[in-house]
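Here the protein sequences line up with chains U and H, keeping their order. Here the first sequence is numbered in my numbering, starting from 5 and rising by one per residue. Here the second sequence is numbered in my numbering, starting from 5 and rising by one per residue. The C-beta atom is built at its ideal place from N, Cα and C for all residues, glycine as well.
There are 2 protein chains.
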Amino acid sequence: MPLNPVRRVNLAHDISAQLSQAIVAGDFPAGAVLSEPMLAKRLGVSRAPVREALIELETRGMVEFDERGRSRVPSLTHDDLVDILGIRIALEPRAASLAAQRADPLAFIDLERNLDAMRTARTPTELARLDTAFHSGIVRASGSRRLLLCWNVVEHQVDLWLAQMQSRVDALCHQLRDTTVAAHAAMFETIRSGDALRAEELARKHLTDWLGVFPGAPVV
Amino acid sequence: MPLNPVRRVNLAHDISAQLSQAIVAGDFPAGAVLSEPMLAKRLGVSRAPVREALIELETRGMVEFDERGRSRVPSLTHDDLVDILGIRIALEPRAASLAAQRADPLAFIDLERNLDAMRTARTPTELARLDTAFHSGIVRASGSRRLLLCWNVVEHQVDLWLAQMQSRVDALCHQLRDTTVAAHAAMFETIRSGDALRAEELARKHLTDWLGVFPGAPVV
DNA sequence: CACCGGGGTAATGTCGACAGTCGACCGGAG
DNA sequence: CTCCGGTCGACTGTCGACATTACCCCGGTG
Numbered sequence: 005m006p007l008n009p010v011r012r013v014n015l016a017h018d019i020s021a022q023l024s025q026a027i028v029a030g031d032f033p034a035g036a037v038l039s040e041p042m043l044a045k046r047l048g049v050s051r052a053p054v055r056e057a058l059i060e061l062e063t064r065g066m067v068e069f070d071e072r073g074r075s076r077v078p079s080l081t082h083d084d085l086v087d088i089l090g091i092r093i094a095l096e097p098r099a100a101s102l103a104a105q106r107a108d109p110l111a112f113i114d115l116e117r118n119l120d121a122m123r124t125a126r127t128p129t130e131l132a133r134l135d136t137a138f139h140s141g142i143v144r145a146s147g148s149r150r151l152l153l154c155w156n157v158v159e160h161q162v163d164l165w166l167a168q169m170q171s172r173v174d175a176l177c178h179q180l181r182d183t184t185v186a187a188h189a190a191m192f193e194t195i196r197s198g199d200a201l202r203a204e205e206l207a208r209k210h211l212t213d214w215l216g217v218f219p220g221a222p223v224v
Numbered sequence: 005m006p007l008n009p010v011r012r013v014n015l016a017h018d019i020s021a022q023l024s025q026a027i028v029a030g031d032f033p034a035g036a037v038l039s040e041p042m043l044a045k046r047l048g049v050s051r052a053p054v055r056e057a058l059i060e061l062e063t064r065g066m067v068e069f070d071e072r073g074r075s076r077v078p079s080l081t082h083d084d085l086v087d088i089l090g091i092r093i094a095l096e097p098r099a100a101s102l103a104a105q106r107a108d109p110l111a112f113i114d115l116e117r118n119l120d121a122m123r124t125a126r127t128p129t130e131l132a133r134l135d136t137a138f139h140s141g142i143v144r145a146s147g148s149r150r151l152l153l154c155w156n157v158v159e160h161q162v163d164l165w166l167a168q169m170q171s172r173v174d175a176l177c178h179q180l181r182d183t184t185v186a187a188h189a190a191m192f193e194t195i196r197s198g199d200a201l202r203a204e205e206l207a208r209k210h211l212t213d214w215l216g217v218f219p220g221a222p223v224v
């Protein structure tokens with residue numbers, strides 16, 4: 005028996021994860037200042053690991069530092085949505101293409117399970133979570149470490165945006181549920197079949213379709 | 005006159021920049037351990053800002069933490085090169101497309117100047133630097149904040165890789181100089197003409213061509 | 001009443017110090 | 001000679017503290 009899942013813990017990592025979760029949950033609304041003493045007091049730790057967590061979150065785009073060094077939750081505008089979708093359109097078609105070429109059966113299990121879960125999801129929040137998870141799964145399936153690195157940045161942005169636009173997203177999810185599931189299913193089948201070109205095209209189309217849903221968005 | 009370019013200085017930022025430069029310059033070879041007390045002593049500061057700089061560099065992929073928390077300079081393999089090129093193939097064609105659509109005259113000046121400099125560059129190192137700068141310029145010209153965020157990660161990886169493979173890159177640069185300049189010039193003209201589709205295609209081709217130069221690289 | 005200056009408060013940036021932990025080295029036993 | 005245990009040193013993770021700085025409020029003044 006190997007029996008030693010020891011993991012050198014890092015308060016900073018835990019804090020980073022907790023904060024990220026809290027921000028997405030809406031505990032810290034857009035524009036809120038995250039003061040280090042406040043967080044340290046609430047978390048029962050000193051400021052050092054809090055600072056480190058904030059730096060990590062800043063590079064992930066989950067918080068931003070103003071000119072005075074204070075960290076705040078960024079408030080995203082419609083332009084930001086377009087910007088985020090722009091980079092998703094860069095990353096995800098490529099990830100789909102790589103995933104189709106790599107064809108890792110293990111990753112397929114995850115994706116298929118996600119599809120099933122999506123078909124039976126109840127709440128819009130759950131649906132949105134599964135949607136993001138599906139896209140994450142494709143990036144992971146691509147097997148590219150650095151693609152995943154970039155995706156982590158984007159994923160946090162998507163989470164942030166979902167948290168801030170919850171009402172609109174809820175309505176849309178309800179409305180787009182079947183379309184989304186169908187698009188995901190098509191992408192999944194294409195990736196599994198190994199058709200890289202078509203997978204790339206489907207991923208691009210899925211995202212540009214979503215962009216079209218938001219009025220005022222420029223055609224890309 | 006606004007005249008106040010005050011910038012709250014952060015030792016961590018300076019240190020991060022200095023370390024990044026030092027690593028690229030080869031002061032810390034691949035696999036070297038960057039111990040915090042050593043760096044703090046050399047830089048004449050305490051460990052706190054050094055730690056923060058290391059965390060920043062870690063998220064940028066410039067250093068990596070081992071299971072014991074020590075930060076080391078990652079040593080890149082041929083697989084890493086392929087991985088890096090894979091993500092560049094994701095980001096840069098999209099950046100070229102966006103740049104063509106946006107058509108910011110200011111960015112064009114930078115790109116054109118870079119082309120001129122490249123035509124008269126002497127050393128391979130200079131050539132490599134200009135090459136990276138040209139690609140950076142295209143990403144900046146795309147106007148997407150988050151695309152730039154991801155590119156920053158990739159750029160550091162490219163720098164790192166250039167530093168570690170210097171001899172091979174030098175030989176290649178000498179050999180590929182005219183091809184590269186021609187490819188860049190074509191991309192520049194296409195972007196300036198606003199032909200997004202063709203710009204995207206040229207960028208992709210430029211990168212896949214480079215991938216083909218390295219023997220053993222799988223066709224993508 | 002409007003404007004300006006000063007003290008108080010709070011937050012950041014940085015520092016030095018301490019505990020825990022891990023590897024390196026050395027000495028002794030089998 | 002080889003292997004084991006103990007000790008030493010170094011480094012990370014974390015903490016509390018200090019200096020500096022910017023904001024906020026309040027009182028005084030024109």
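Worksheet entry | Cutoff 7 Å: U:D87 Cβ touching any chain H Cβ | yes
Worksheet entry | Which of helix, strand or coil DSSP assigns to U:V37 | strand
Discussion item. Could you tell me the alpha carbon to alpha carbon distance between H:D199 and H:R55, rounded to whole angstroms?
Written reply: 46 Å
Worksheet item: Which of the three DSSP states, helix, strand or coil, is assigned to U:S24?
Response: helix
Discussion item. Out of H:Q168, H:C154, H:A26, which one is the CA nearest neighbour of U:L95?
Written reply: H:C154
Worksheet item: If you run the structure through DSSP and keep just helix, strand and coil, what is H:E68?
Response: strand
Worksheet item: In whole angstroms, what separates the C-alpha of H:A107 from that of H:I142?
Response: 11 Å
Worksheet item: Which full runs of the alpha helix (DSSP H) of 4+ residues lie inside the region 66 to 123 of chain U, going along the chain?
Response: 82 to 106, 109 to 123
Fill in: U:A190 versus U:A145: straight-line alpha-carbon distance, rounded
16 Å
Practice prompt. Would you kindly report the start and end of the unbroken alpha helix (DSSP H) that includes H:G147?
Written response: Taken as a continuous stretch (DSSP letters only), H:G147 belongs to no alpha helix (DSSP H), as it is neither H nor E.
Fill in: Rounded Cβ spacing between H:H160 and H:R64 (contact assumed at less than 8 Å)
5 Å
Discussion item. Does any residue of chain H have a CB that is nearer than 7 Å to the CB of U:V162?
Written reply: no
Worksheet entry | Three CB pairs or more closer than 8 Å across the region 40 to 57 of chain U and the region 12 to 22 of chain U | yes
Worksheet item: Of all the residues that make up the region 43 to 64 of chain U, which are near chain H by a beta-carbon distance shorter than 8 Å?
Response: A52, R55, E56, I59, E60, T63, R64
Practice prompt. Could you please give the first and the last residue of the uninterrupted alpha helix (DSSP H) stretch that includes H:G216?
Written response: 200 to 217
Worksheet item: Near U:R172, what residues of its chain come up, given a Cβ to Cβ distance below 7 Å and the 5 sequence neighbours on each side ignored?
Response: none
Worksheet item: Can you tell me whether H:D87 is buried or exposed, with buried defined as 16 or more other CB within 10 angstroms of its CB?
Response: buried
Worksheet item: With 16 other CB atoms within 10 Å as the buried threshold, where does U:V37 fall?
Response: exposed
Worksheet item: If you pair each beta-carbon of the region 20 to 29 of chain H with each one of the region 131 to 140 of chain U, do three or more pairs fall below 8 Å?
Response: no
Discussion item. Any beta carbon of chain U sitting closer than 7 Å to that of H:G90?
Written reply: yes
Worksheet item: Hey, H:I93 and H:R208 are a contact pair by Cβ (cut 8 Å); roughly how many whole angstroms apart?
Response: 6 Å
Worksheet entry | Proximity to H:P33 [Cα-Cα], best of H:L58, H:S148, H:V67 | H:V67
Discussion item. Between H:S148 and chain U, is any beta-carbon pair separated by less than 7 Å?
Written reply: yes
Worksheet item: Mind checking U:V217: buried by the 16 CB within 10 Å criterion, or exposed?
Response: exposed
Worksheet item: Is U:A225 close to chain H, meaning its C-beta is less than 7 Å from at least one C-beta of that chain?
Response: This structure leaves residue 225 of chain U out entirely; chain U is present only between 5 and 224.
Fill in: H:A94: contacting residues in chain U (beta-carbon distance under 7 Å)
A94, L95, R98, L151
Fill in: Closest Cα partner of H:G35 within the set H:A21, H:D70, H:I59, H:L61
H:D70
Discussion item. Rounding to the nearest angstrom, what Cα-Cα distance links H:R149 and U:L180 in this structure?
Written reply: 28 Å
Fill in: DSSP three-state assignment for U:N156, whether helix, strand or coil
helix
Worksheet item: Using a C-beta cutoff of 7 Å, does U:C154 count as contacting chain H?
Response: yes
Discussion item. For a contact defined as C-beta to C-beta under 7 Å, what are the partners of U:L102 on chain H?
Written reply: G90
Worksheet entry | H:V54 - DSSP class collapsed to helix/strand/coil | helix
Item to complete: Could you tell me which chain H residues have their CB closer than 9 Å to the CB of U:V67, listed as they occur along the chain?
Response: What U:V67 touches in chain H: nothing, since even the nearest Cβ is about 13 Å away.
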